[in-house]
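Comments concern the structure below.
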Amino acid sequence: MGASQIRILLADDQSLIRQGLRYILNSQEDMTVVAEAEDGNQVVQAALQTLPDIILMDVQMPGKSGIEATQSIVEQLPDAKVVLLTTFDVTEYVFDGIRAGAVGYLLKDTDGQDLLAQIRLAYRGSAIYHSVNAAEALAKVVSTPEGQELDAGFSLDDPLTERETQVLQLMAYGRKNSEIASALYLTDGTVKTHVHHILQKLSVDDRTQAVVLAIRNGLVD
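Residue numbers (my numbering): 2 to 222.
Here it is as structure tokens:
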């Protein structure tokens, strides 16, 4: 059973927060906390030592911030999945988290069962930017040239068509299907079909994951 468990590293400068999270996570058959850290420097060292699957990272910590620690970890451990966990629903944090390579952004008041579900989604490869400010931050990354850092060797077996790229661009700006349809003079059904094809071609499960992948690989301007 241990071999199939999701190995989690907790990083938070408040011991009570870590204790509560550890209790919740260790109560799950498919999860185990392998290490804890109370500042940004410790979490980088712990990640390199324990090679966790998921890192629950507080944004504000002594030493390196959670954003700085995330960037350092992702650079050295590309397969590690960092989920930022914070009290503050701040657009800048989501923006900087995406830029740093985090796969998710959750608030500390997230329901326990929802937290567990989101961790499992992140472990399976989904992007989980579910804060109120996520759409705004995603759009900001798109409009910021330095936010478009390409993954080496990224390519699509089945490239996006010009129309699919237009739809993806509007998805990145947080537009709903009806708004995309109006902007491109399409029917809602046609937009839905394009979105489905985009998700298939990018091998992702949801719109947020598609946008994050597009941002990181220069598929949108």
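For each residue, glycine too, the CB sits at the ideal point set by N, CA and C.
Remember, it's a predicted structure, so these values are computed and weren't measured experimentally.
| said: Going by DSSP, what residue range makes up the beta strand (DSSP E) through residue 87? | reply: Where residue 87 is concerned, the enclosing beta strand (DSSP E) stretches over 82-87.
| request: Output the boundary residues of the beta strand (DSSP E) element that contains residue 172. | output: That residue, residue 172, is in no beta strand (DSSP E); its alpha helix (DSSP H) goes 163-173.
| What does a CB cutoff of less than 8 Å around residue 10 pick up in its chain, not counting 5 residues either side in sequence? | 34, 35, 36, 37, 38, 44, 47, 48, 51, 53, 55, 56, 57, listed in sequence order.
| Where does residue 5 land, buried or exposed, given buried means 16+ other C-beta within 10 angstroms? | By the neighbour-count definition (other C-beta atoms within 10 Å, threshold 16), residue 5 is an exposed residue.
| message | Beta-carbon within less than 7 Å of residue 165's beta-carbon, same chain only, minus the 5 sequence neighbours each way: which residues are those? | response | These residues qualify, in order along the chain: 195, 198, 199.
| field | Three-way DSSP call (helix, strand, coil) for residue 105 in this model | value | DSSP, reduced to helix, strand and coil, places residue 105 within a strand of the structure shown.
| request: Select from 208, 24, 17, 23 the residue whose C-alpha is nearest the C-alpha of residue 176. | output: The candidate whose alpha carbon is nearest that of residue 176 is 208.
| task | Keeping to the same chain, check which residues put their C-beta closer than 6 Å to that of residue 72; ignore five residues upstream and five downstream. | result | Take residue 72, set aside five residues on each side of it, and the residues of its chain with a beta-carbon closer than 6 Å to its own are 101, in chain order.
| query | Along the chain, where does the alpha helix (DSSP H) that runs through residue 71 open and close? | reply | In the DSSP annotation of this structure, the continuous segment of the alpha helix (DSSP H) that includes residue 71 starts and ends at 67-77.
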